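S.K.: Okay, here's the structure, questions in a sec.
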Amino acid sequence: MLTKEQVLTWLEEVKDPEIPVLSLIDLGVITDVTVAENGEKVKVEMTPTFAGCPAMDYMKRNVEEVLAKYGVQDFEVRMSFDKPWDSNKVTAKGREALKKFGLAPPPEYNLILDLDILEHVKCPYCDSDNTELRTPFGPTLCRSMHYCNNCRQMFEQFKPV
Amino acid sequence: MNTEALKDLLYKIADDQLILGHRNSEWTGFGPMLEEDIAFSSMAQDKLGHSLAFYKILHELGEAEPDTVAFTRNANQFHNCQLVELPIGEYDFSLIRHFLFDNAEILRFDMLTRSSYEPIAKVATKLKGEVKYHVLHANTMIKQLGSSTDEAIERLQNSLNEALPYALGIFEKSKFDNELIAEGIFEGEEKLQTQWLENIKKVLSQTHLELPDLNTITPKFGGRYGEHTEHLQPLLDEMAEVFSIDPTAEW
Ligand SMILES: [Zn+2]
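Quick note, the sequences are listed as chains A and B, same order. Take the first sequence: its letter number 62 is residue 137 in this note's numbering, and every next letter is one higher. Take the second sequence: its letter number 196 is residue 703 in this note's numbering, and every next letter is one higher.
The structure is reproduced here in structure tokens:
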């Protein structure tokens, strides 16, 4: 019979289209999965990283496609702010994947954002924190742009939110 | 719970974001520097996402679909403050407007995280984190440019003088203000304006810009009751045109 664990394994296949090394589970946008007692109905709860992120609809469709692919006939995928996302929800595995991808992972923080957190982000290439914020708005809503004074190159960070 | 009061609050928040989002998006491809171009485009995308989140709550309260509400009403049905509908003007005007508006918006969202109406509290909790970046951007740019060249300072000062009466219009009370306070839904425009004034003064004091004496200024009210400048309807027509060509288009 279908279990929640099984569904979570399938959802590992669905990646963030802007960061293809990061699964939606590791991104922290899957907030709940329930399988009805008879094992037939599956409900997936999701929440957006950024309210205006154009990739969220795409991610929701991908979740639906994966469920359909594995033969789940009765499912519902719901996007809401019931359990609002913040960047602390990116998993440890997700942070590792981001770093390998060349994106500085968001620092785990107390959710009080100030300039200090953004000014000395650890460079994903050389690990130096002798870095500076160039602009909080990068090529996508979830990224900010920084410059590393140590290895002298621009890098991007997955923004703390 | 007074649903009419709740809807009125939601409409003014959502309409502000929708209209400012569209205005900010007019900078796409025209920013004075690539970084500012990207910043205004990103903030536009955020604001449109935020308006959608509030229109969805309205839909749950029985209002029409978000698309219908956003793209088929006329100017006199919009509750946004007049500040957000003004044309983008030169970059310094858009920057000043962004500074004045978003410093109010972050405080509004902060208040709303404590709202007794749970759907609003949840959305505000999430969106506050995004608006922080808007405020960070505005304050950084104002501090930089507001203490740079004489020309930059003069231009910003003129824009500040021009925008301020409209910015005071952000805090125009709706007829439900007292009920919203009494029901714990929203702490009220007066409290918001007081905190806002403190915060913008803190930033301006680090520049060569001067805040005009508020007692000498007549706020531009009316927006919250559907009275708008001549600039809103043409913008709405333009938005509706894009929508009618492709109703499935992303916001
Ligand atoms: Zn480096």
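The C-beta atom is built at its ideal place from N, Cα and C for all residues, glycine as well. The structure presented is a predicted model; accordingly, all values stated were derived computationally and were not measured.
#1: Does the beta-carbon distance from B:E637 to A:F233 come in below 8 angstroms?
#2: Would you tell me roughly how many angstroms separate the C-alpha atoms of A:C201 and A:C223, rounded to the nearest one?
#3: Determine the DSSP secondary structure at A:P235, reduced to helix, strand or coil.
#4: Is the Cβ of B:D515 closer than 8 angstroms to any Cβ of chain A?
#5: What number of angstroms, rounded off, separates the C-alpha of A:V138 from the C-alpha of A:Q81?
#6: Check whether the Cβ of A:S203 sits closer than 7 angstroms to any heavy atom of ligand 1, and report yes or no.
#7: Using a Cβ-Cβ cut-off of less than 7 angstroms, give me the residues of the segment 81–111 of chain A that come near chain B, in sequence order.
#8: By DSSP, does B:H644 sit in helix, in strand, or in coil?
#9: If you run the structure through DSSP and keep just helix, strand and coil, what is B:I595?
#10: Closer than 6 angstroms by C-beta to B:I595: which residues in its own chain qualify, once you throw out the five before and the five after it? Chain order, please.
#11: Could you check where the alpha helix (DSSP H) with A:K79 kicks off and where it finishes?
#12: Determine which residues share a DSSP beta bridge with A:Q228 and list them.
#13: Comparing C-alpha positions only, which one of A:E171, A:P211, A:I187 and A:N185 sits nearest to A:P199?
#14: Enumerate, from N- to C-terminal direction, the unbroken alpha helix (DSSP H) stretches of 4 or more residues contained entirely within the segment 534–587 of chain B.
#15: Are there any heavy atoms of ligand 1 lying less than 7 angstroms away from the beta-carbon of A:C217, as far as the coordinates show?
#16: Any chance the segment 696–708 of chain B sits against the segment 514–523 of chain B, with 3 or more Cβ pairs inside 8 angstroms?
#17: Could you give the first and the last residue of the continuous alpha helix (DSSP H) run that contains A:D157?
#18: Going by other Cβ atoms of all chains shown within 10 Å of its Cβ, with 16 needed for buried, is A:K197 buried or exposed?
#19: Which residues in the same chain as B:Q591 place their Cβ atom closer than 7 angstroms to its Cβ, once the five residues preceding and following it in sequence are excluded?
#20: Would you check if there are 3 or more beta carbon pairs closer than 8 angstroms linking the segment 668–681 of chain B to the segment 730–739 of chain B?
#21: Could you tell me which chain B residues have their CB closer than 7 angstroms to the CB of A:T166, listed as they occur along the chain?
#22: Output yes if chain B places a C-beta closer than 8 angstroms to the C-beta of A:L216; else output no.
#23: Taking Cβ-Cβ distances shorter than 7 angstroms, what residues in chain A pair up with B:T632?
#24: Give me the DSSP bridge partner(s) of A:T210.
#25: Give me, in chain order, the residues of the same chain whose beta-carbon lies closer than 6 angstroms to that of A:C128; leave out the 5 immediate sequence neighbours on both sides.
#26: Can you pull the chain A residues whose beta carbon is under 9 angstroms from the beta carbon of B:Y673, in chain order?
#27: At a cut-off of 7 angstroms, is A:Y200 close to ligand 1 when judged by its beta-carbon and the heavy atoms of the ligand?
#28: Does any residue of chain A bring its CB to less than 8 angstroms from the CB of B:K629?
#29: Report yes if the C-beta of A:C223 is less than 7 angstroms from at least one heavy atom of ligand 3; otherwise report no.
#30: When the distance is taken between beta carbons, is B:L739 closer than 8 angstroms to B:F561?
#31: Tell me whether the segment 105–122 of chain A and the segment 147–155 of chain A touch, counting them as touching only if at least three CB pairs, one residue from each stretch, are closer than 8 angstroms.
#32: Tell me, please, whether the CB atom of A:F233 is closer than 8 angstroms to any CB atom in chain B?
#33: Would you mind reading off the limits of the beta strand (DSSP E) that contains A:D237?
#34: What are the boundary residues of the alpha helix (DSSP H) that includes B:M746?
#35: Whose C-beta lies closer than 7 angstroms to the C-beta of A:M220 among residues of the same chain, with five residues either side of it excluded?
M.R.: Here's the rundown:
#1: no
#2: Those two C-alpha atoms are separated by around 9 angstroms.
#3: A:P235: coil per DSSP, three-state reduction.
#4: no
#5: 14 angstroms
#6: yes
#7: none
#8: helix
#9: coil
#10: Around B:I595: R530, E533 and S601.
#11: It spans K79 to L86 - the alpha helix (DSSP H) in which A:K79 sits, taken as one unbroken run.
#12: Looking at the DSSP output, A:Q228 bridges to A:C223.
#13: A:E171
#14: The qualifying runs are 541–567 and 573–578.
#15: no
#16: Pairwise C-beta distances place the segment 696–708 of chain B out of contact with the segment 514–523 of chain B, as fewer than three of them are shorter than 8 angstroms.
#17: Neither: A:D157 is in no alpha helix (DSSP H) and is coded neither H nor E.
#18: buried
#19: It is worth fixing the name first, because residue 591 of chain B is Val in this sequence and not Gln. Contacts found: D523, I526, L527, R530 and F608.
#20: yes
#21: By Cβ distance, chain B contributes nothing, its closest Cβ being about 19 angstroms from A:T166, past 7 angstroms.
#22: Chain B contact via Cβ: present.
#23: P159
#24: A:M220
#25: Sequence-distant partners of A:C128 (beyond 5 residues in either direction) whose C-beta falls short of 6 angstroms from its own C-beta, in its chain, are L216.
#26: Neighbours of B:Y673 on chain A: none; closest Cβ ~25 angstroms, over 9 angstroms.
#27: yes
#28: yes
#29: Absence of ligand 3 is noted for the structure shown, with ligand 1 being the only ligands found.
#30: no
#31: yes
#32: no
#33: With chain A covering only 76 through 236, there is no way to say anything about residue 237 of chain A.
#34: L739 to I752
#35: Here the set comprises R209, T210, G213, M229 and E231.
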